[in-house]
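These protein sequence lines map, in sequence, to chains Z and F. In case it helps, my numbering puts the first sequence at residues 45 to 409. In case it helps, my numbering puts the second sequence at residues 332 to 500. C-beta: ideal position from N, C-alpha, C; glycine also.
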Amino acid sequence: MNETNATILFADLMNSTELAKNLTLLEYDEMLGDFQDTMFEVLSHHLDYFGYEGEGVDSEWSISGDELRVFLYSENMDYDIRNALLIATKIKLAWLSSGFNQKVLSEQRLVSRIGVGINCGKVIKDVRPWRVKIGKAGPNIEGYAINLTKRIESASREGNAYQIMAGASLYKRCQQNNIVNVAFSHPRRLVFKGLGQKIPVYEVVSFINFEILPSMPNSLQEGLLEKMEITVRDAMPEPWIFIVLLRSYISMLASNNDNGDLDIKAVELAQQALDVVEYKPVIYNILGWLYTNGNNVRNLEMAFHYFDQCLGLEPKNEAALLHRARILENMGQTDLARHAYQEILFQNREHPVARRKMAEFQAAQ
Amino acid sequence: MTLGELPSTGHLIYLVLGVLVFLLLIYQIAAQQRAKKKIGQLERTIATLQQNQSEVFANLEDRANAIKEMLFEKTNPLTHKLNELSKKANTLLERYDDLRQDFEQQVGALRAAGDETTAKLTSSHDAVRKVVQEGKSEIERIGKEVGEFAVEIQKMKDFVRERSIDFEL
């Protein structure tokens, strides 16, 4: 018997019961087959890409019907959380670009979506004697955290951003350790069957990570960007697609992979995203970044304006504070820049850039 | 019969004929005299011509001799020089032969020594080539590792840049 910290992810097809009723048995089977193939491809590639051994050593996963279960227990919970968030976004993206959903999109119907629940907590890994008898000596994972994650996943239908729901333990871990750039909604306190009390659930409203597209399996990467672009042009695009697509554009701009007008295209998409994405600070920051770094759209005053917009909604947003301080410094407003860096240190005394800059200002005096 | 003995009429004819014969004889003699005179003139002209021809021949001979002499004078130094050059060429050929013989003798000796040296050099060269090959393989391996390391460094730099951007949005 082995007690360990695990990050648990449950995902399933939303409204699959309704789909089962409306589709023929063959059509439903085709959809499930497509779903399972897509999940298999993403999961097997992802765990290998990020160095998981699998086989019950540091992770395991299974697909059953329209449900995917993933357990990550590499003894580095922050790494597992980051990977769980990546997996959640990647399976949604892969399913969106699957054959089934592309057909649905071509018929201008609403695409099938995946709901995800993620949580972390203590679990017990134990090899049951009956499993040994049937020649499958892998450990069983048991624990309250698993039951809770399944309940959290069932709440994903109520989400309206990423439809990736997180439990309180994962939320707190992300807030404390600042391990990834993820933003959550305000908690929804839900009563789950059999738990007898209100449980806080947080929806992911923004997840910024450059590895989403590069770590996709090669077979799924081909044409993925174009499929996302088509999706955001169509009616009722999901908000998370804007954020993933804009982050990809920024990677291309930062690595000088584009000498054309990608920054103009990105600004237009970000403006469009302001109408769709409810969590706007990230879009303001993206616009600010584009106006700071874009070759064609470079305009520091506009950038400053958007970082200000972000700070209007989130006064403690460190990214916006840092950008604003840098812009002031670039504009030669030394005193204002110093105050801006000081403001960052009020929020986070250990902020490395702000500390270094303040030291430079003091040395200059 | 004489002229006195000729009859008077008949005799006149005979006389006329005689005169005619006589005149013909005189004419003949005069013609012979003129012919002799012409022949004499021709002989003199021929003699003069012969003399002139002899003079011309003599003159030509003189000229030819003069030209020959002049040519001899002109070509004689050249011939002398050519002879000298020929002598020199012969000397050079002789020296070349001597040198070639010397060279062949020396080369023979050197070849014998060279064969031995070549054998030694071949074995040394093989050893050096082996060492160089090993060194080359090692350099290639290090180069490859450096290349891979550079790629890794670039990946790390890209990762750091992208991760920084992640937190700046």
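Going along chain B, which residues have a C-beta under 9 Å from residue i?
i, result
"residue 484 (chain F)", "Protein chains in the displayed structure are Z and F, and chain B is not among them."
Using the three-state DSSP reduction, which class does residue i fall into: helix, strand or coil?
i, result
"residue 278 (chain Z)", "coil"
"residue 51 (chain Z)", "strand"
"residue 324 (chain Z)", "coil"
"residue 341 (chain Z)", "coil"
"residue 392 (chain Z)", "coil"
"residue 224 (chain Z)", "coil"
"residue 252 (chain Z)", "strand"
"residue 305 (chain Z)", "coil"
"residue 142 (chain Z)", "coil"
"residue 399 (chain Z)", "helix"
"residue 485 (chain F)", "helix"
"residue 125 (chain Z)", "helix"
"residue 261 (chain Z)", "coil"
"residue 153 (chain Z)", "coil"
"residue 204 (chain Z)", "coil"
"residue 500 (chain F)", "coil"
"residue 449 (chain F)", "helix"
"residue 377 (chain Z)", "coil"
"residue 94 (chain Z)", "coil"
Chain Z beta carbons: is any one of them nearer than 8 Å to that of residue i?
i, result
"residue 479 (chain F)", "no"
"residue 499 (chain F)", "yes"
"residue 457 (chain F)", "no"
"residue 460 (chain F)", "no"
"residue 493 (chain F)", "yes"
"residue 496 (chain F)", "yes"
Can you tell me which residues form a DSSP beta bridge with residue i?
i, result
"residue 105 (chain Z)", "Z:114"
"residue 209 (chain Z)", "Z:161 and Z:247"
"residue 57 (chain Z)", "Z:158"
"residue 234 (chain Z)", "Z:243"
"residue 184 (chain Z)", "Z:170"
"residue 46 (chain Z)", "Z:169"
Check whether chain F comes within 8 Å of residue i, counting only Cβ atoms and requiring the distance to be less than that.
i, result
"residue 103 (chain Z)", "no"
"residue 366 (chain Z)", "yes"
"residue 295 (chain Z)", "yes"
"residue 252 (chain Z)", "yes"
"residue 34 (chain Z)", "Only positions 45 to 409 of chain Z appear in the structure, and residue 34 (chain Z) is not among them; the question remains open."
"residue 330 (chain Z)", "yes"
"residue 299 (chain Z)", "yes"
"residue 326 (chain Z)", "yes"
"residue 284 (chain Z)", "no"
"residue 363 (chain Z)", "yes"
"residue 225 (chain Z)", "yes"
"residue 139 (chain Z)", "no"
"residue 174 (chain Z)", "no"
Compare the Cα-Cα distances from residue i to each of the options and report the closest residue.
i, options, result
"residue 294 (chain Z)", "Z:404, Z:194, Z:322 and Z:253", "Z:253"
"residue 76 (chain Z)", "Z:143, Z:263, Z:50 and Z:227", "Z:143"
"residue 56 (chain Z)", "Z:92, Z:160, Z:118 and Z:93", "Z:160"
"residue 208 (chain Z)", "Z:137, Z:328, Z:331 and Z:107", "Z:137"
"residue 398 (chain Z)", "Z:409, Z:408 and Z:367", "Z:367"
"residue 271 (chain Z)", "Z:304, Z:141 and Z:329", "Z:141"
"residue 312 (chain Z)", "Z:335, Z:194, Z:348 and Z:299", "Z:335"
"residue 285 (chain Z)", "Z:191, Z:407, Z:314 and Z:308", "Z:314"
"residue 147 (chain Z)", "Z:343, Z:275 and Z:345", "Z:275"
"residue 212 (chain Z)", "Z:204, Z:224, Z:223 and Z:189", "Z:189"
"residue 238 (chain Z)", "Z:108, Z:194, Z:385 and Z:228", "Z:194"
"residue 495 (chain F)", "Z:266, Z:401 and Z:291", "Z:291"
"residue 104 (chain Z)", "Z:82, Z:139, Z:233 and Z:53", "Z:53"
"residue 227 (chain Z)", "Z:74, Z:362, Z:169 and Z:64", "Z:362"
"residue 96 (chain Z)", "Z:347, Z:72, Z:128 and Z:210", "Z:128"
"residue 257 (chain Z)", "Z:166, Z:223, Z:130 and Z:192", "Z:130"
"residue 250 (chain Z)", "Z:387, Z:230 and Z:345", "Z:230"
"residue 388 (chain Z)", "Z:240, Z:69, Z:401 and Z:225", "Z:401"
"residue 217 (chain Z)", "Z:234, Z:162, Z:79 and Z:184", "Z:162"
"residue 360 (chain Z)", "Z:233, Z:181, Z:331 and Z:386", "Z:386"
"residue 332 (chain Z)", "Z:182, Z:68, Z:353 and Z:316", "Z:353"
"residue 289 (chain Z)", "Z:165, Z:317 and Z:183", "Z:317"
"residue 135 (chain Z)", "Z:113, Z:165 and Z:150", "Z:113"
"residue 191 (chain Z)", "Z:349, Z:259, Z:206 and Z:168", "Z:168"
"residue 64 (chain Z)", "Z:156, Z:374 and Z:296", "Z:156"
"residue 381 (chain Z)", "Z:394, Z:357, Z:358 and Z:406", "Z:406"
Three or more C-beta pairs below 8 Å linking the segment 169-184 of chain Z and the segment 57-74 of chain Z: no
Segment contact flag, the segment 192-209 of chain Z with the segment 115-124 of chain Z, C-beta cutoff 8 Å, min 3 pairs: no
Meets three-Cβ-pair contact criterion under 8 Å: the segment 474-494 of chain F and the segment 321-328 of chain Z: no
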